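A quick write-up on the structure given underneath.
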Amino acid sequence: MKNISIMLKGATRLNNQEMKNVKGGVSASEYCNTLRMIATENTLSYGACQGANHGAQAAGCGFSFICD
Numbered sequence: 062m063k064n065i066s067i068m069l070k071g072a073t074r075l076n077n078q079e080m081k082n083v084k085g086g087v088s089a090s091e092y093c094n095t096l097r098m099i100a101t102e103n104t105l106s107y108g109a110c111q112g113a114n115h116g117a118q119a120a121g122c123g124f125s126f127i128c129d
C-alpha cells in the first residue's frame, strides 16, 4: 500500500496533459511518430499495414500507408 501512496503523491505534481499521458499511455504525437517509424523501417504484411492504417486513423495522425 505504501508504494501506491508514493506513486499518487508524485502524480499530484503532474499537469493535466501529463496525467492524460500517464492514464492513456503515450501522447498521440508520440504514437504517430513511433507508428510511422515502425511501418517505414519494416516490411509489413497486408494485415499489419491495414492495422497500422487503422491505428493512424484512430489517433488522428494525418497520414496513411499504401497496403499492397
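Quick note on this note's numbering: the sequence shown kicks off at 62 and runs consecutively. Positions of the beta carbon are idealized from the N, C-alpha and C atoms, including for glycine. Remember, predicted model here, so these are calculated numbers, not experimental data.
How many Å lie between residue i and residue j at the Cα?
i: E102; j: Q118; result: 20 Å
i: M98; j: Y107; result: 17 Å
i: N94; j: F126; result: 13 Å
i: C110; j: D129; result: 9 Å
Kindly list the residues whose CB is nearer than 8 Å to the CB of residue i, restricted to its own chain and excluding five residues on each side of it in sequence; keep chain order.
i: E91; result: none
i: G86; result: Y92
Where do the N-terminal and C-terminal ends of the alpha helix (DSSP H) with residue i fall, by residue?
i: G123; result: Where G123 is concerned, there is no enclosing alpha helix (DSSP H), given that its DSSP letter is neither H nor E.
If you run the structure through DSSP and keep just helix, strand and coil, what is residue i?
i: I127; result: coil
i: S90; result: helix
Might you give, ordered along the chain, the residues of its own chain that have their beta carbon closer than 6 Å to the beta carbon of residue i, omitting 5 neighbours on each side?
i: M62; result: Note that M62 has pLDDT 46, beneath the 50 cutoff, so the model's placement of it is unreliable and no number is given.
Using a Cβ-Cβ cut-off of 7 Å (strictly less than) and excluding sequence neighbours within five positions of residue i, which residues of its own chain qualify?
i: A22; result: Because the chain is modelled from 62 through 129, residue 22 falls outside the range shown and cannot be assessed.
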